[in-house]
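Remarks on the structure that follows.
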Amino acid sequence: MTSTGVLVAAGAALIMLGAAWLASDGSGSSSGVVEQADLYVVEVGSFDITIPASGELAALEQVEVRCELDGNNNALVEIVDEGINVAEGDLLFRTDNAGILDKIQTAKDNVVNAENTLRNREASLEISEGYRKSELQKAQVKVDQAELALKSWEEGEVLREREKLDLAVLTAEREYDRLKDKHEKSKTLFEKNFLSKDELDSEAIDLLRKESALKTANTNKEIYEKYTYFKEKLQKESDSNQAIAEMGRTDKRTAAELRSAQDNVKAAKATLDSRQEWLEKFELQLTQTEVFAPSDGMVVYGSTINRRSRGDNEKALQVGSKLYRNQLVIVLPNIERMAADVKVNEALSGLIESGQNALIKMDAFPDVLINGIVLGVSVLAEDGGWRDPNRRDYRVEIELDKDHNLPLKPSMRAKVDIFVDKVTEVLFVPIQAIHRRGRDVFVYLRDGDEYVEQLVQIDRNSELFVEIVGGLDVGDQVLLVDPPAGTVIRPLGEGSNDSQP
Numbered sequence: 003m004t005s006t007g008v009l010v011a012a013g014a015a016l017i018m019l020g021a022a023w024l025a026s027d028g029s030g031s032s033s034g035v036v037e038q039a040d041l042y043v044v045e046v047g048s049f050d051i052t053i054p055a056s057g058e059l060a061a062l063e064q065v066e067v068r069c070e071l072d073g074n075n076n077a078l079v080e081i082v083d084e085g086i087n088v089a090e091g092d093l094l095f096r097t098d099n100a101g102i103l104d105k106i107q108t109a110k111d112n113v114v115n116a117e118n119t120l121r122n123r124e125a126s127l128e129i130s131e132g133y134r135k136s137e138l139q140k141a142q143v144k145v146d147q148a149e150l151a152l153k154s155w156e157e158g159e160v161l162r163e164r165e166k167l168d169l170a171v172l173t174a175e176r177e178y179d180r181l182k183d184k185h186e187k188s189k190t191l192f193e194k195n196f197l198s199k200d201e202l203d204s205e206a207i208d209l210l211r212k213e214s215a216l217k218t219a220n221t222n223k224e225i226y227e228k229y230t231y232f233k234e235k236l237q238k239e240s241d242s243n244q245a246i247a248e249m250g251r252t253d254k255r256t257a258a259e260l261r262s263a264q265d266n267v268k269a270a271k272a273t274l275d276s277r278q279e280w281l282e283k284f285e286l287q288l289t290q291t292e293v294f295a296p297s298d299g300m301v302v303y304g305s306t307i308n309r310r311s312r313g314d315n316e317k318a319l320q321v322g323s324k325l326y327r328n329q330l331v332i333v334l335p336n337i338e339r340m341a342a343d344v345k346v347n348e349a350l351s352g353l354i355e356s357g358q359n360a361l362i363k364m365d366a367f368p369d370v371l372i373n374g375i376v377l378g379v380s381v382l383a384e385d386g387g388w389r390d391p392n393r394r395d396y397r398v399e400i401e402l403d404k405d406h407n408l409p410l411k412p413s414m415r416a417k418v419d420i421f422v423d424k425v426t427e428v429l430f431v432p433i434q435a436i437h438r439r440g441r442d443v444f445v446y447l448r449d450g451d452e453y454v455e456q457l458v459q460i461d462r463n464s465e466l467f468v469e470i471v472g473g474l475d476v477g478d479q480v481l482l483v484d485p486p487a488g489t490v491i492r493p494l495g496e497g498s499n500d501s502q503p
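Everything in the sequence shown is counted per my numbering, starting at 3 for the first residue and increasing by one.
What follows is the structure, given as structure tokens:
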């Protein structure tokens, strides 16, 4: 028998059993007679092992649309209705832009003022650069002039003055020597009465003058070499050094003025850049007062998401609502790719893995089954909250096949059967045939019109069937309900009830 056949047969059997159980008040046949529907004939077959779970639908892909405006007082003036489908490029919502328009105008005025300031400071910088160049040129001319004056004095004036003084000494010496010789000769002529006393005295006076002139020439030369030369040298060198020092002071002073002008330009540029950035930011924010759909999808308000996920009392978005920066305004789930988000108990979670098949049924469409495939199991478990803190569940995501035309929406309730294994060609019985007493597992095995509590060995099981690995044979009939009173001829512990290997 195929797994499908087993499931169908089991379902029919369960329905019939339920009807019989209700008719007998849940205690078998009221007349003490077991109906044929209460018996199950053991046979070899196959069945699926499934894990049932429940949860809700969710979109595998969704786009979050958030408020990108600064502040927390951005009033909605228009918003698309929740639940409708929108196409990429459709207007989602619009906020009041009056405040941003005022900010843009103020920012434009600030940019104009900053541009004017920058131009003025650039002009001042240009003037400072020209002034520095001119002042340095003037200072360099003075340095060059002082150095040339020193060199001219050393190589010209000093030589000329020394030659002049040497010539004066030499001239004075020769005049003195000439007059001295003449005066000696005049003395001889005077003695011989060839020269008068007056003429001799006149020559003596001239000789004294020449001697004095010679002394004066030597003194002038000595004074020049000892004093005047060094005095003039110190003055010339001082003039040169002063010119060089003044050039250094001019360089530092004009460099400082130039740096100040450059810093002023940099500050003006930074101010202009900052104000342009603010203008661009406000202009960008103006474009963000109208938000369009980045992709196709169904509109879900962020307030709805928050109420569901956090239990907030947040009011639904509407015209007049105030938005804050980064607030989740709208979510656009892609309803073309839907998944069932269900919870599975921790004890069963280890049986589930990616790629397993599943069947999904929505409460909204109870007559339709949709195939699905397990995408994965959450890494961490979730507790049961304050209602059941000891409960541990794992979330399982199951993607739905697309071959359906159902108008599915996120958050629709769904029931899921996850196929974790398939048991083939084994003995099995319905799960309601199994009974337990302590560690013993047994069935009520038919023996004529009576029943034996037969120990069995079981292995794998599903929600409907249990694999029998010992204790029963093909063709055995087991009771699916409690036996009528007085029909159990061999309870456990009396006679041979051992399970067969």
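Beta carbons are placed, not taken as given, at the ideal position from N, Cα and C, and that holds for glycine.
Residue i versus the options, residue with shortest Cα-Cα distance
i	options	result
V376	V418, E165 and R310	V418
N359	R327, V398, D369 and V321	V398
A349	F444, A383 and L481	A383
T289	E149, Y226, I102 and R439	I102
A55	F444, I246 and A416	A416
S351	I491, I436, L408 and Y396	Y396
G357	V443, F421, G322 and G299	F421
F95	N115, E117, E70 and V381	E70
Y303	F284, V333 and L281	V333
D265	D385, L127, Q329 and S323	L127
V67	N112, L325, K135 and S130	L325
M340	I400, D390, D369 and V346	I400
R277	V114, K166, L402 and T221	V114
L481	Q459, T221 and E455	E455
S305	Q287, G322, Q329 and G299	Q329
K345	E259, K199, L59 and M300	L59
DSSP bridge partner residues for residue i (one or two, in chain order)
i	result
P335	Q64
V143	Note: V143 sits in no beta bridge, so no partner.
H437	F444
V46	L429
P54	D419
Q459	G472
D343	E58 and E399
L325	N76
L390	According to the sequence shown, residue 390 is Asp rather than Leu. Its beta-bridge partners are G386.
K153	Partner(s): none; K153 has no beta bridge.
K363	K417
M300	N87
N195	Answer is none; N195 lacks a bridge partner.
Assigned exposure category for residue i - 16 Cβ within 10 Å defines buried
i	result
P485	buried
K105	buried
I372	buried
N74	exposed
A125	exposed
F196	exposed
P493	exposed
L216	buried
S130	buried
D478	buried
K212	buried
W155	buried
S323	buried
G488	exposed
Coil, strand or helix - residue i by DSSP
i	result
V114	helix
I207	helix
I491	strand
L71	coil
D484	coil
E261	Per the sequence shown, the amino acid found at residue 261 is Arg instead of Glu. Correct three-state label for R261: helix.
A295	coil
N122	helix
K268	helix
R96	strand
G158	helix
L319	coil
D478	coil
V370	strand
I375	strand
D405	coil
D451	coil
Handout entry: Any 3 or more C-beta pairs closer than 8 Å across the segment 135-142 and the segment 245-257
Key = yes
Problem - At least 3 beta-carbon pairs within less than 8 Å: the segment 263-277 vs the segment 41-56 - result: no
Handout entry: contact_flag[the segment 178-186, the segment 202-219] where n(CB pairs < 8 Å) is 3 or more
Key = yes
Exercise for the section: Count the C-beta pairs between the segment 456-469 and the segment 433-447 that are closer than 8 Å, then say yes if the count reaches three, no if not. Expected result: yes
Exercise for the section: Decide yes or no for the touch test of the segment 218-237 against the segment 114-132: beta carbon pairs closer than 8 Å, at least 3 of them. Expected result: When C-beta atoms of the segment 218-237 are compared with those of the segment 114-132, fewer than three pairs fall below 8 Å, so the two segments do not count as touching.
Exercise for the section: State whether the segment 282-302 contacts the segment 76-95, with contact taken as three or more CB pairs (one from each stretch) at a distance under 8 Å. Expected result: yes
Practice task
Mind the definition here: the segment 39-49 touches the segment 275-289 only if three or more C-beta pairs lie below 8 Å; say whether that holds.
Solution key: no
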